[in-house]
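*Asks:* Mind looking over this structure? Questions follow.
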Amino acid sequence: MKEIIDITPMSEEERFWASMGEALEAKAKANAKSLWTVNKERYNDMHKAYDLLKEIVTEYDEKATFECQMNDIFPDIGEITVYCTDLTVRVYSMDAIREVMNLVDNFEIVPTTNDRIMIGLTFLNVMTKRK
306 MKEIIDITPM SEEERFWASM GEALEAKAKA NAKSLWTVNK ERYNDMHKAY DLLKEIVTEY
366 DEKATFECQM NDIFPDIGEI TVYCTDLTVR VYSMDAIREV MNLVDNFEIV PTTNDRIMIG
426 LTFLNVMTKR K
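For the sequence shown, my numbering gives the first residue as 306, with consecutive numbering after it.
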């Protein structure tokens, strides 16, 4: 039986994503070898945003789940992920949600399965690479 070899040239998009994957892999390997320290100010921002968002979300969904972690490829980025049924912000919580929005660098709300949503918060510079 003969083996079939595909010699179709890669498209520009395929080439781009292949090189992006290689670059991310190289970045992850380089970062894994580095020494990282906590940026206390940004860590405190992340902690404060977590506390505020938890108070807002659990008022309407006691079964909401919260995850906090550092990004695998970019260790300086902190992430908070919340899975809940909805995000309801009442007038008395507006100041708190504004403060959360001022503390985060990126914010997203995405629908997931089982009538739930995922709320993602990203904090840059939570860790600092030591030279």
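Every residue gets a Cβ at the ideal spot worked out from N, C-alpha and C, and that includes glycine.
Is residue 355 buried or exposed, if buried means 16 or more other CB atoms sit within 10 Å of its CB?
*Replies:* Reading the sequence shown from its first residue, position 50 is the one you call residue 355. Residue 355 comes out buried.
*Asks:* Are the segment 342-355 and the segment 422-433 touching by the rule of at least three beta carbon pairs closer than 8 angstroms?
*Replies:* With a cut-off of 8 angstroms, the segment 422-433 and the segment 342-355 count as touching, because enough Cβ pairs lie within range.
*Asks:* Taking the CB atoms as reference points, tell me whether residue 385 and residue 394 lie closer together than 7 angstroms.
*Replies:* Here residue 385 refers to the residue found at position 80 when the sequence shown is read from its first residue. Here residue 394 refers to the residue found at position 89 when the sequence shown is read from its first residue. No.
*Asks:* Please confirm if the segment 363-375 is in contact with the segment 402-418, defined as three or more CB-CB distances below 8 angstroms between the two stretches.
*Replies:* No: fewer than three Cβ pairs fall under 8 angstroms.
*Asks:* Using the beta-carbon count (16 or more within 10 Å), is residue 343 buried or exposed?
*Replies:* Locating residue 343 in the sequence shown gives position 38, counting from the first residue. Residue 343 should be labelled exposed.
*Asks:* Considering residue 411, what are the terminal residues of the beta strand (DSSP E) in which it resides?
*Replies:* In the sequence shown, counting from the first residue as 1, residue 411 sits at position 106. Counting along the chain, the beta strand (DSSP E) containing residue 411 begins and ends at 411-416.
*Asks:* What are the residues that DSSP puts in a beta bridge with residue 424?
*Replies:* Position 119 of the sequence shown, counted from the start, is the residue given in the question as residue 424. According to DSSP, residue 424 bridges with 387, 414.
*Asks:* Is it right to say residue 362 is buried, meaning 16 or more other beta carbons lie within 10 angstroms of its own, or is it exposed?
*Replies:* Counting from one through the sequence shown, the residue named residue 362 turns up at place 57. Buried.
*Asks:* Starting from residue 363, follow the alpha helix (DSSP H) in both directions and report where the run begins and ends.
*Replies:* If you number the sequence shown from 1, residue 363 lands on position 58. Its alpha helix (DSSP H) spans residues 345-363.
*Asks:* Exposed or buried, which one is residue 326 when buried takes at least 16 other CB atoms within 10 Å?
*Replies:* Here residue 326 corresponds to residue number 21 of the sequence shown, with the count starting at 1. Looking at its Cβ environment, which holds fewer than 16 other Cβ atoms inside 10 Å, residue 326 is exposed.
*Asks:* Could you check the C-alpha separation between residue 376 and residue 382 for me, to the nearest Å?
*Replies:* By one-based count along the sequence shown, residue 376 stands at place 71. By one-based count along the sequence shown, residue 382 stands at place 77. Between residue 376 and residue 382, the C-alpha separation is close to 6 angstroms.
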